[in-house]
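For reference, the structure discussed in these notes is given below.
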Amino acid sequence: MDYAAVVILEILYMISFIALVSAGLAVVFGMMRVINLAHGEFVMLGGYTTLACQRAGIDLWFSMLVIAPIVVGLVGLIVERLVIRFLYGRMIDTMLATWGLSLLLIGIVTLIFGSSAVNVPTPIPGYQLGAYQMGGYNLFIIGVTIALYIGMWLVLRYTRLGLIARGAMQSADVASSLGYNPRTVYMVTFTIGAALSGFAGGVLAPLTGLLPASGGGYIAQSFIAVITGGSGAVISGTLTSSVLFGTISQIVSFASGPVLGDIVMLALAIVLLRLMPTGISGRFLRNSQ
Amino acid sequence: MSEAVVETIELTKRFGGVTAVDRVNFRLGERELRCLIGPNGAGKSTFFKCLTGQYPLDHGSGRILIRGNDVGGLRPHHIVRMGVGIKTQVPSVMNGLTVMENLWLAARRTHGWHRCGSEVQRVVEEVGLGEIARRTVGELAHGQRQMVEIGIVLAQEPWLVLLDEPAAGITGAEVERLVNLIRQINRTASVIVVDHDMEFVRMLGADITVFYQGAVLTEGHVDDVLADARVREVYIGNRA
Amino acid sequence: MKVWPSIGQMRWGWFLLGAAIILVWPAFFDTHTPTILLVWALFALSLGLMWGYAGLLSFGHTAYFGLGAYVYAIAVVNIGESTVPLLLAILIPAIVAAIIGAMMFYGRISDVYMGVITLVVSLILFKFMSATAGDKYAIGDARLGGFNGIPGFPVLNVPGLPDVSLFGVPMYYVAAVALLGCYLICRWILARSFGRVLVGIRENEGRCELLGYSVPAYKTAIFSISAAMAGLAGCLFANWAEIVTPSVFSLRSAAEVIIWVIVGGLGTLVGPILGAIVLGMLKLLLSEQTVIDNSLILGFILVVVVLAIPRGVVPALQYWFGRRARIRTQRSAHTRARRRVAAPVRPS
Numbered sequence: 001m002d003y004a005a006v007v008i009l010e011i012l013y014m015i016s017f018i019a020l021v022s023a024g025l026a027v028v029f030g031m032m033r034v035i036n037l038a039h040g041e042f043v044m045l046g047g048y049t050t051l052a053c054q055r056a057g058i059d060l061w062f063s064m065l066v067i068a069p070i071v072v073g074l075v076g077l078i079v080e081r082l083v084i085r086f087l088y089g090r091m092i093d094t095m096l097a098t099w100g101l102s103l104l105l106i107g108i109v110t111l112i113f114g115s116s117a118v119n120v121p122t123p124i125p126g127y128q129l130g131a132y133q134m135g136g137y138n139l140f141i142i143g144v145t146i147a148l149y150i151g152m153w154l155v156l157r158y159t160r161l162g163l164i165a166r167g168a169m170q171s172a173d174v175a176s177s178l179g180y181n182p183r184t185v186y187m188v189t190f191t192i193g194a195a196l197s198g199f200a201g202g203v204l205a206p207l208t209g210l211l212p213a214s215g216g217g218y219i220a221q222s223f224i225a226v227i228t229g230g231s232g233a234v235i236s237g238t239l240t241s242s243v244l245f246g247t248i249s250q251i252v253s254f255a256s257g258p259v260l261g262d263i264v265m266l267a268l269a270i271v272l273l274r275l276m277p278t279g280i281s282g283r284f285l286r287n288s289q
Numbered sequence: 290m291s292e293a294v295v296e297t298i299e300l301t302k303r304f305g306g307v308t309a310v311d312r313v314n315f316r317l318g319e320r321e322l323r324c325l326i327g328p329n330g331a332g333k334s335t336f337f338k339c340l341t342g343q344y345p346l347d348h349g350s351g352r353i354l355i356r357g358n359d360v361g362g363l364r365p366h367h368i369v370r371m372g373v374g375i376k377t378q379v380p381s382v383m384n385g386l387t388v389m390e391n392l393w394l395a396a397r398r399t400h401g402w403h404r405c406g407s408e409v410q411r412v413v414e415e416v417g418l419g420e421i422a423r424r425t426v427g428e429l430a431h432g433q434r435q436m437v438e439i440g441i442v443l444a445q446e447p448w449l450v451l452l453d454e455p456a457a458g459i460t461g462a463e464v465e466r467l468v469n470l471i472r473q474i475n476r477t478a479s480v481i482v483v484d485h486d487m488e489f490v491r492m493l494g495a496d497i498t499v500f501y502q503g504a505v506l507t508e509g510h511v512d513d514v515l516a517d518a519r520v521r522e523v524y525i526g527n528r529a
Numbered sequence: 530m531k532v533w534p535s536i537g538q539m540r541w542g543w544f545l546l547g548a549a550i551i552l553v554w555p556a557f558f559d560t561h562t563p564t565i566l567l568v569w570a571l572f573a574l575s576l577g578l579m580w581g582y583a584g585l586l587s588f589g590h591t592a593y594f595g596l597g598a599y600v601y602a603i604a605v606v607n608i609g610e611s612t613v614p615l616l617l618a619i620l621i622p623a624i625v626a627a628i629i630g631a632m633m634f635y636g637r638i639s640d641v642y643m644g645v646i647t648l649v650v651s652l653i654l655f656k657f658m659s660a661t662a663g664d665k666y667a668i669g670d671a672r673l674g675g676f677n678g679i680p681g682f683p684v685l686n687v688p689g690l691p692d693v694s695l696f697g698v699p700m701y702y703v704a705a706v707a708l709l710g711c712y713l714i715c716r717w718i719l720a721r722s723f724g725r726v727l728v729g730i731r732e733n734e735g736r737c738e739l740l741g742y743s744v745p746a747y748k749t750a751i752f753s754i755s756a757a758m759a760g761l762a763g764c765l766f767a768n769w770a771e772i773v774t775p776s777v778f779s780l781r782s783a784a785e786v787i788i789w790v791i792v793g794g795l796g797t798l799v800g801p802i803l804g805a806i807v808l809g810m811l812k813l814l815l816s817e818q819t820v821i822d823n824s825l826i827l828g829f830i831l832v833v834v835v836l837a838i839p840r841g842v843v844p845a846l847q848y849w850f851g852r853r854a855r856i857r858t859q860r861s862a863h864t865r866a867r868r869r870v871a872a873p874v875r876p877s
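So the sequence lines, in the order shown, correspond to chains A, B and C. Using our numbering, you'd call the opening residue of the first sequence number 1 and step up by one each time. Using our numbering, you'd call the opening residue of the second sequence number 290 and step up by one each time. Using our numbering, you'd call the opening residue of the third sequence number 530 and step up by one each time.
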């Protein structure tokens with residue numbers, strides 16, 4: 001019985017993990033059709049921002065929930081102005097440039113923080129579930145992810161910003177016809193996407209530990225979650241694929257080790273892409289957000 | 290009656306709830322030149338794309354026979370390989386390559402390696418592309434690109450030619466040359482031309498098939514058809 | 530029409546000059562570093578062929594490079610003599626690429642998804658190979674060794690003579706011959722109809738389909754050929770390093786080869802080769818110091834090249850020289866024409 005609870009909690013955590021690290025990429029891909037290969041490094045930067053603030057004596061919660069998204073959002077803004085805006089409509093070139101950017105960011109972080117692994121302390125203690133020791137912080141991650149997605153849904157559904165965003169998702173023309181410069185919309189979108197990635201990085205830092213190259217670990221999962229989710233419906237598509245991949249990978253992990261879980265998840269992504277080249281949302285969720 | 294080059298039997302194409310082509314029976318004979326006309330949305334372009342295989346045929350929605358072979362379910366390149374030359378509505382050429390390279394790729398499908406050079410030369414002369422033969426196609430004006438496309442079709446030496454809006458973007462003296470080229474193609478091949486430019490269709494002086502609301506409204510020689518009151522009504526009524 | 534200006538042609542003079550430099554090099558200098566540069570050049574050439582001419586970008590071309598390395602190591606540990614392992618290191622990546630390519634191209638997925646799928650394939654291999662520590666994971670006598678990889682396998686030998694190993698200068702010559710040979714094969718492919726159709730597909734897939742070419746078949750074929758060359762490069766790399774680790778599949782190496790090719794130039798064969806040699810040298814120099822991280826420079830180069838010269842250095846230079854040459858010939862043609870007009874018209 002306890003074991004079943006542990007399994008379910010672990011699955012929920014995995015789903016939240018994927019959904020959390022994918023949120024920023026999903027926003028950017030869904031609204032701009034830009035595949036940001038530096039996404040993993042944005043997440044990593046969020047983690048290091050939290051680390052730096054915590055070392056400077058700033059409250060850990062404030063660092064991860066407020067400062068990390070703001071700092072990474074600003075990085076995103078700079079990147080958009082300096083690089084991305086010249087490449088709209090050239091998807092492959094964007095992928096290449098953001099890949100270059102990811103290497104660049106890894107290099108910079110290595111210069112500042114060194115290349116060895118560092119840890120951020122976990123602010124919530126573990127607890128006992130029957131015979132199993134569980135991380136209390138995992139529960140916090142699950143809660144944060146649920147709150148984040150509800151927040152995103154509310155913003156998209158009920159605010160003016162959401163209206164513009166939904167317009168821009170259809171096509172850039174809709175945004176212009178609403179009276180907004182699509183370029184400005186893109187700039188804001190990319191900044192928000194980066195901020196979401198920074199948020200994910202900050203929140204996850206106590207769990208995962210930090211390495212300059214740790215972005216590579218996020219990019220695979222978020223990438224396939226977002227791409228298989230499809231660009232038709234940012235929130236429901238990404239959530240659906242997070243649930244799918246999180247559940248399957250965790251079940252396989254329990255059965256035969258975490259690496260096989262990852263491999264099965266990646267292989268499944270390839271098969272899904274082959275079957276549904278427009279993603280899950282392109283096929284099943286056409287009319288949701 | 291000789292074997293038809295193209296024959297469609299009860300051809301139907303639906304998109305969701307819209308029936309774009311509705312049980313069309315169509316027949317094109319050997320060396321025949323036929324224009325398909327009709328107002329916007331009449332289904333002529335959809336019909337064309339069914340013939341070329343660009344729109345796959347749904348099961349049980351009629352048949353398309355080319356020289357007696359059922360081509361339903363074949364992909365475009367299979368249809369082309371039978372000896373069919375296709376020019377699509379939107380100019381579609383290899384923009385980064387020169388005119389001669391474009392023609393070479395077209396000729397190579399039907400000819401051996403060694404004959405391609407002379408074939409390209411022949412087409413360049415026939416279509417009058419001499420001055421632009423070594424230019425990159427992407428640099429050319431719209432009308433010139435249309436002529437390159439006609440050249441591409443010629444280089445394939447097809448026995449059936451399907452042209453979608455060949456006269457779009459072509460003006461003045463070029464129209465006359467285009468008409469002559471199509472007539473020349475017609476000497477060795479059956480030709481279907483989709484166009485809504487009445488002037489151009491009249492210059493071709495061929496039989497026409499009028500599409501209206503997905504079905505064939507009437508067929509006959511251009512002069513008779515244009516005198517038909519129904520045709521005038523759908524055409525002019527729609528234009529106004 | 531023998532020559533296609535859009536593809537360019539074999540320039541034997543330059544080729545012989547390059548070949549001569551490569552072949553006499555060992556008489557004067559050390560060969561250890563140049564060997565690996567030639568191997569990297571071959572790897573870059575394999576990607577440059579499919580990306581530059583067929584317009585297909587494999588984001589995870591390291592998958593086939595790494596497969597070549599692993600297949601060689603595993604096979605040679607089991608067999609002992611190196612001829613069959615070498616052939617397998619070419620063949621197996623080609624077959625794997627043909628299967629993956631057919632799946633992608635006959636499924637008609639877009640180039641962006643092709644990027645995603647190729648990248649994911651190399652990630653899968655990376656994760657799998659990293660997790661193969663322990664006796665459980667062994668193929669025949671070869672233990673895969675997880676993150677530590679497979680060390681100490683026999684290096685290439687003269688075919689038929691297992692005792693005569695090729696290392697040091699002979700190994701350099703093997704790499705040189707492989708590179709020059711593959712260059713000639715690429716040139717040969719591009720001079721055939723096959724290569725011309727590939728360029729046509731790069732320019733306009735749909736039109737090539739409507740000309741009667743089976744686009745997926747062409748794409749699958751070039752993907753497989755390119756993977757075979759990458760596999761050969763991987764096998765040579767394994768022989769040079771004398772160890773194979775999962776890092777051959779890493780994201781970092783996947784990015785590196787793309788950077789070599791795009792900096793050198795798309796749509797040329799010499800561009801990727803030069804790109805790999807110059808940037809490979811830079812990489813080795815940078816790894817000798819610890820002040821500036823290697824990634825920083827690489828990333829910076831990639832961003833700048835994509836923004837400023839998206840087709841690469843060699844094509845940019847060619848364009849520049851070509852335009853100067855064209856202006857010169859236009860000028861002389863102009864003067865000739867004027868002279869002709871000035872000359873008295875003879876009755877014919």
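Ideal Cβ placement from N, Cα and C applies to all residues, glycine included.
Rounded to a whole number of angstroms, what is the C-alpha to C-alpha distance between residue i and residue j?
i: R268(B); j: T301(B); result: Chain B is shown from 290 up to 529; residue 268(B) falls before or after that span and cannot be answered.
i: A746(C); j: F634(C); result: 8 angstroms
i: P873(C); j: G851(C); result: Confidence in P873(C) is poor, its pLDDT being 42 and thus under 50, which makes the residue's placement unreliable; the coordinate value appears in the next sentence. So the two alpha carbons sit approximately 35 angstroms from each other.
i: E738(C); j: G162(A); result: 42 angstroms
i: L239(A); j: V373(B); result: 48 angstroms
i: Y13(A); j: T377(B); result: 53 angstroms
i: I251(A); j: F17(A); result: 15 angstroms
i: L506(B); j: R312(B); result: 12 angstroms
i: L363(B); j: R521(B); result: 37 angstroms
i: L340(B); j: L322(B); result: 16 angstroms
i: A604(C); j: I730(C); result: 37 angstroms
i: M658(C); j: R781(C); result: 16 angstroms
i: M221(A); j: A573(C); result: The identity of residue 221(A) in the sequence shown is Gln, whereas the question assumes Met. Roughly 28 angstroms between the two C-alpha positions.
i: M700(C); j: G796(C); result: 30 angstroms
i: L20(A); j: G237(A); result: 14 angstroms
i: A866(C); j: L452(B); result: Since pLDDT at A866(C) reaches only 49, below the 50 mark, its modelled position is unreliable, and the value read off the structure follows with that caveat. Taking the straight line from one Cα to the other gives about 40 angstroms.
i: G73(A); j: L673(C); result: 43 angstroms
i: L111(A); j: V118(A); result: 14 angstroms
i: R875(C); j: V413(B); result: In this predicted model, R875(C) has a pLDDT of only 42, less than 50, meaning its place in the structure is not dependable; the value taken from the coordinates is given anyway. When rounded, the distance between both Cα atoms is 30 angstroms.
In the DSSP assignment, the beta strand (DSSP E) including residue i goes from what residue to what residue?
i: G374(B); result: 373-376
i: T507(B); result: 504-510
i: M134(A); result: 132-134
i: P455(B); result: Where P455(B) is concerned, there is no enclosing beta strand (DSSP E), given that its DSSP letter is neither H nor E.
i: R323(B); result: 322-326
i: R316(B); result: 307-317
Span of the alpha helix (DSSP H) holding residue i?
i: K665(C); result: Per DSSP, K665(C) belongs to no alpha helix (DSSP H) and is neither H nor E.
i: E299(B); result: Note, E299(B): premise wrong, no alpha helix (DSSP H); beta strand (DSSP E) at 295-304.
i: N768(C); result: 744-770
i: Y501(B); result: Premise fails: Y501(B) lies in the beta strand (DSSP E), 496-501, not in any alpha helix (DSSP H).
Item to check | Contact set between the stretch 254-274 of chain A and chain C, restricted to residues whose Cβ is under 7 angstroms from the partner | outcome: V259, D262, I263, L266, A267, A269, I270, L273, R274
Next on the checklist: Counting only Cβ-Cβ distances shorter than 7 angstroms, please list the residues of the stretch 579-607 of chain C near chain A, keeping chain order.
Outcome noted: L586
Item to check | Proximal residues, the stretch 15-45 of chain A versus chain C, C-beta separation under 8 angstroms | outcome: Listed by position, the residues of the stretch 15-45 of chain A near chain C (Cβ gap below 8 angstroms) are I35.
Checklist entry - What are the residues of the stretch 617-642 of chain C that lie near chain A, defined by any Cβ-Cβ distance shorter than 9 angstroms? => result Correct list: I629, M632, M633, G636, R637, I638, S639, D640, V641, Y642.
Checklist entry - Does the stretch 753-761 of chain C come within contact of the stretch 620-631 of chain C, defined as at least 3 CB pairs closer than 8 angstroms? => result yes
Item to check | contact_flag[the stretch 684-704 of chain C, the stretch 343-355 of chain B] where n(CB pairs < 8 angstroms) is 3 or more | outcome: Because the criterion of three Cβ pairs below 8 angstroms is not met, the stretch 684-704 of chain C and the stretch 343-355 of chain B do not touch.
Checklist entry - At which residue ranges does the stretch 413-460 of chain B contain complete beta strand (DSSP E) runs of 3 or more residues, listed in the order of the chain? => result 449-453
Next on the checklist: Under 8 angstroms, CB to CB, which of the residues in the stretch 350-364 of chain B have a partner in chain C?
Outcome noted: Look at the stretch 350-364 of chain B: the residues with a C-beta under 8 angstroms from a C-beta of chain C are R364.
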